[in-house]
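Chemist: Note that the protein sequences, when read in sequence, are chains A and B. For the first sequence, our numbering begins at 1 and goes up steadily by one. For the second sequence, our numbering begins at 550 and goes up steadily by one. For every residue, glycine included, the Cβ atom is placed at its ideal position computed from N, Cα and C. From a predicted model like this one, the values you see are computed outputs, not experimental measurements.
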Amino acid sequence: MSRRHPPDSDPLWADLPAEEPASSGVKRAAPPDWALPSWDSFDESAPAAPARPPRRDSLIPLEADDEAENEVTPASAPVSAPAPAAPPEVVPAQPVFELRILGVSEVTRAVRDAVRSEPALRDVWVEGEVGRVTVSSAGHCYFTLKDERSQLACVFFRDDRVSSPFEPRTGLRVVAHGRVDLFESQGVYQLYVTAIQPAGFGDLALRFEALKAKLTAEGVFDSSRKRPLPPRPQVIGVATSATGAVWHDICHVISRRWPLARVVLSPCAVQGEGSAASVVAALNRLGRWGEQLRAAGRPDEAPAVVILARGGGSLEDLWSFNDERVVRAIVAHPVPVVSGVGHEVDVTLADFAADVRAPTPSAAAELVVPDRVEAAATLAAFGRRAGTRTLTAMAGFRAELTAESRALERLHPAAQLAQARERSGYLLDRATRIVGDGIERRRTRESALWARLGPMIETRLGTARSAIERSSASLAALGPQATLDRGYAIVRRAADGSVVRDPADAPVGDLLAIRVAAGEMSARVAGKDGTAPGHGGNPAKNPRRKDPV
Amino acid sequence: MNAEPGSMPAVDIASLSFDEALLELQRTVADLEQGGLPLERSIALYERGVALHERCAALLSQAELRVQKLVERSSGALEAVDLRSGDASEQE
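1) Take A/A540 and list the residues in its own chain whose beta-carbon comes closer than 7 Å to its own, dropping the five residues that flank it on each side.
2) Report, in whole angstroms, the separation of the C-beta atoms of A/A358 and A/G340, which I expect to be a contact under 8 Å.
3) So, for A/P299: in the same chain, excluding its five sequence neighbours on each side, which residues have a beta-carbon less than 7 Å away from its beta-carbon?
4) Can you check which of these residues, A/V338, A/V373, A/E440, A/S498, is closest to A/V356 by C-alpha distance?
5) Excluding the 5 residues flanking A/G244 on each side, which residues of the same chain have their C-beta closer than 7 Å to its C-beta?
6) Per DSSP, what are the beta-bridge partners of A/Y142 in this structure?
7) Which residues of chain A have a Cβ atom closer than 8 Å to the Cβ of B/D568, listed in chain order?
8) Using a Cβ-Cβ distance under 8 Å, would B/I592 count as near chain A?
9) So A/A276 and A/S241 are in contact, right, with Cβ under 8 Å, and what is the actual spacing, rounded?
10) Does any CB atom of chain B fall closer than 8 Å to the CB of A/G274?
11) Please check if any C-beta of chain A sits within less than 8 Å of the C-beta of B/L586.
12) Per DSSP, A/P267 forms a beta bridge with which residues?
13) Compare the C-beta of A/I330 against all C-beta atoms of chain B and say whether one is closer than 8 Å.
14) Quick one: what's A/M521 bridged to in DSSP?
15) Along the chain, where does the alpha helix (DSSP H) containing A/F382 start, and where does it finish?
16) Between B/S623 and chain A, is the shortest Cβ-Cβ distance under 8 Å, so that the two count as touching?
17) Does A/Q197 come out as helix, strand or coil in the three-state DSSP assignment?
18) Which residues of the segment 592 to 612 of chain B have a Cβ closer than 8 Å to any Cβ of chain A? Give them in chain order.
19) Under 8 Å by Cβ, that's how I've got A/V369 and A/A261 pegged, so tell me the actual separation to the nearest angstrom.
20) If you count every other CB in all the chains shown that lies within 10 Å of the CB of A/D147, and 16 or more means buried, which is it?
21) In this structure, what does DSSP give as the bridge partners for A/L308?
22) What separation, rounded to the nearest whole angstrom, lies between the Cα atoms of A/L367 and B/E573?
23) Who are A/W125's beta bridge partners in DSSP?
24) Give me the chain A residues within the contact set of B/L619, using Cβ-Cβ distance strictly less than 7 Å, ordered along the chain.
25) With DSSP as the reference, label A/R149 as helix, strand or coil.
26) Looking at the strands, I want to know which residues DSSP matches up with B/E628.
27) For the beta strand (DSSP E) holding A/R357, just list the boundary residues, first then last.
28) Starting from the beta carbon of B/V578, find every residue of chain A whose beta carbon is closer than 8 Å, and list them in chain order.
29) Counting contacts by CB-CB distance shorter than 8 Å, is B/E589 in contact with chain A?
30) Which term fits A/H333, buried or exposed, when burial requires 16 or more other beta carbons within 10 angstroms of its beta carbon?
31) When you compare the CB of A/F397 with every CB in chain B, is at least one pair closer than 8 Å?
32) Quick one: using the 10 Å Cβ neighbour count with 16 as the cut-off for buried, is A/R389 buried or exposed?
33) Which residues of chain A have a Cβ atom closer than 7 Å to the Cβ of B/L614, listed in chain order?
34) Closer than 8 Å, CB to CB, is A/R423 near chain B or not?
35) Here's the rule I'm using: 16 or more other beta-carbon atoms within 10 Å means buried, otherwise exposed. How should A/R443 be labelled?
36) Does the separation of the CB atoms of A/A329 and A/V238 fall below 8 Å?
This is how it looks when you write it as structure tokens:
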């Protein structure tokens, strides 16, 4: 230790090493007479040291410097290693010569070094009750942790504090994590807190999560179960503590926003033993009351919505709102329940179960009622609409009236007569025009047709004529005339005109008509070839001539 | 206010609650907006609308919150008794 002191700080100290090289100069003399009282006071505190937790011993190695003989414990070893060597040398034996007066900063620094070199103090978890809490303007939080016997100054710096979900509040039992260090300018040691959480948190948090999981699995928190809030409840039930600010705040908010309502308190205990049952009873009373009123035919007087509220507090304080019975009473409540439990950061199972969760009791009150200022604006809008509509309607009526009076004028007899005359004249005009137009149109069409038809007929006739000429020419070529011209004759029976091709066709004595080129003549069959050859003078009787064509 | 068949009976407006008056006002405006009403009826509706509007506005501005506490009688019947506003600590 001594080597940390500046060599020039004290000449008395400086010669120590020379005097006691074996003990590394740690052993120092007893104080001078004038200094005794204060050194005595150290001595008095020394016996108390062993009573402290063992690791604290290392906090006071400097005190131990001159009382190492009392502190036989080796706990001071890490700081002043040579100390164990001291006891045998029994300090009182060599008191006076090693006196050295230290500066305050020296002592402080030595304590600081001692504290810092103690690994057990670099990373500690400390449980205790929060005493006084002060937050500086810079946002650092200073508080004490205490148990029945001791206090520990703690500092929670702003950066750590703002990122922490939990704030130290007086009276809470907390577990703080940090390191112990010395604040030199004040000469106090402090716990520099890096994290803080409520004591017993682990246990409660586990129970919370387990119950939450169970109820979630059951569907208790399903959003499909959430009921809409009535827009303008006439009666609002409030389950909260009859004492305390919450009830007052709720009344205040509702009275400001919607004084048309009626709020009915159903008082209950909101913390401590039996509070869960009390909350359930309060909710049930409201439910039962509503049923009674509805059964009595006065449903308007029954609560239309219920607020379940409680001010902020520790996790334990709010614990009854994590009770399964409370959750089920909320879900089973006949009208929608709005929860406003604790502060914004506090979330309880009651909040999950509620039809609407408000961050605070006042927010819950705001949620259940409309704002009368907004309502007044809406009303005014309605009023304007009614006015506008009426004006529009009246304008409509006026227009209709004008239209009707015009119609009336039109119906006057003279007007009607004139109108009829005008109308009939017009009709006549139209008819004449239509008929005339029709005739003219037809005439034009016919003359056009005729004009086209004349040439067409001419052409047709010419074509036919030439066709006939061509036909008679061919007929002439194909007919018997040419054959007759060449000297042939056609022989027919006069009786039936049939052409005689075989002598057998014409019996003897039959009258025949013979046609030759220039005309016809009659003949009588005189006989057949061979039978009447003498009669063969008739050329027509020549068989060769009889099968001409 | 002549009550036409099919319209709401002309209740005394002063006895209406806010909700009742608002509901009727809404209906009145809707009727007016639908149009096709006889002139006399239109004007009657409009006048009633104005009165309803005044009733609502008056209720809004004059209402005073009624604060009560639910108490259980020995018979088991529940009853709401008036409290002074915001104060429930009496007989707690």
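Modeler: On the basis of the coordinates in this document:
1) Confidence at A/A540 is low in this model, with a pLDDT of 46, below 50, so its placement is unreliable and the value that follows should be read with caution. The answer, listed in chain order, is A489, V491, L512, I514, A523.
2) 4 Å
3) L293
4) A/V338
5) G311
6) A/T134, A/V155
7) R232, Q234
8) yes
9) Actually they do not touch by this definition, with Cβ atoms about 14 Å apart.
10) no
11) yes
12) A/T240
13) no
14) A/I514
15) 372 to 410
16) no
17) strand
18) I592, L594, Y595, G598, V599, H602, C605, A606, L608, L609, S610, A612
19) 6 Å
20) exposed
21) A/A239, A/S339
22) 25 Å
23) A/H177
24) V264, L265, S266, R285, L286, W289
25) coil
26) B/V620
27) 356 to 358
28) F382, R385, A386, R389
29) no
30) buried
31) yes
32) buried
33) C251, I254, S255, P259, A261, V263
34) no
35) exposed
36) no
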